[in-house]
Amino acid sequence: MNQGKFFVIDGTDGSGKETQTKLLLARMRREGYTVETVSFPQYGKKSAGPTEEYLAGKYGPSDRVGPKPSSVFYAVDRYDASHDIRAWLESGRHVIADRYVSSNMGHQGGKIDDPEERRHFFEWNDELEHGIFGIPRPDLTIVLHVPAEVNARLMADRPKDIHEQDMTHLKRAERTYLELVELFPGFRLIECVDGSGILMSPERIHEMVWEIIRPMLG
5 MNQGKFFVID GTDGSGKETQ TKLLLARMRR EGYTVETVSF PQYGKKSAGP TEEYLAGKYG
65 PSDRVGPKPS SVFYAVDRYD ASHDIRAWLE SGRHVIADRY VSSNMGHQGG KIDDPEERRH
125 FFEWNDELEH GIFGIPRPDL TIVLHVPAEV NARLMADRPK DIHEQDMTHL KRAERTYLEL
185 VELFPGFRLI ECVDGSGILM SPERIHEMVW EIIRPMLG
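Using this note's numbering, the first residue of the sequence shown is number 5, and each one after it goes up by one.
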């Protein structure tokens, strides 16, 4: 039996990751594929407890919590889900994750200003999650990009966690996500705003996602 493909939908805050995950899931099932989904953090599960406390501000503002401690919180949660992910893939089912290791790299890496130090962090995080915890590597990570200024306007009336409240954090994370696309061949960028700075419709963005993923399904 052929192993399933593992796709990640990630990107800047407010870029529609959850919506695109749902649209891709529905499209793949209509096309006859067997698909499972997982979303991170796994809110409400014990494994996500430290992450939820962090995002609620229990440990202080995001810039006071170092990138490595924060990354461990998220990695433990993904380790909890990794056994299901691996079993699904080995059974031939495809998997879509709403956020994954790339979220650590984008948000926690964004706390590091020095480019060389940031790349060392990427290597450390890769070893933590894929080496020490042994979680599966995705076949493709889609990065949805909405500029931080547009994102702030879209999320103005929405309840926010400590990342979403901090414009400096959002801009640094945006920079780092764009850097990841340049550095890693398994990352693909989708611009979610048009030339006028207007957010595209979810359906239009989905078609761009599908254009990238469809050839990988065989």
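Think of the CB as a built atom: it goes at the ideal place given N, C-alpha and C, for glycine as much as any other residue.
Pairing Y78 with F44 gives a Cβ-Cβ distance under 8 Å.
Taking a contact as a CB-CB distance under 8 Å, the pair D143 and M220 counts as one, their CB atoms being some 7 Å apart. Runs of the alpha helix (DSSP H) spanning 4 or more residues and lying entirely within the stretch 142–202 occur at 152–158 and 171–187, in chain order. By the C-beta density criterion, K21 is buried, having at least 16 other C-beta atoms within 10 angstroms.
The criterion of a C-beta distance shorter than 8 Å is satisfied by D102 and T25. Taking the Cβ atoms as the reference, S19 lies roughly 4 Å from V150, within the contact range of under 8 Å.
With a beta-carbon spacing of about 7 Å, V147 and I194 fall inside the 8 Å limit used to define contacts. Assignment of D102 by DSSP, reduced to helix, strand and coil, places it in the strand class. The Cβ neighbour count for H98, taken over all protein chains shown within 10 Å, is at least 16; the residue is labelled buried.
When secondary structure is reduced to three states using DSSP, D17 falls in the coil class, being assigned neither helix nor strand.
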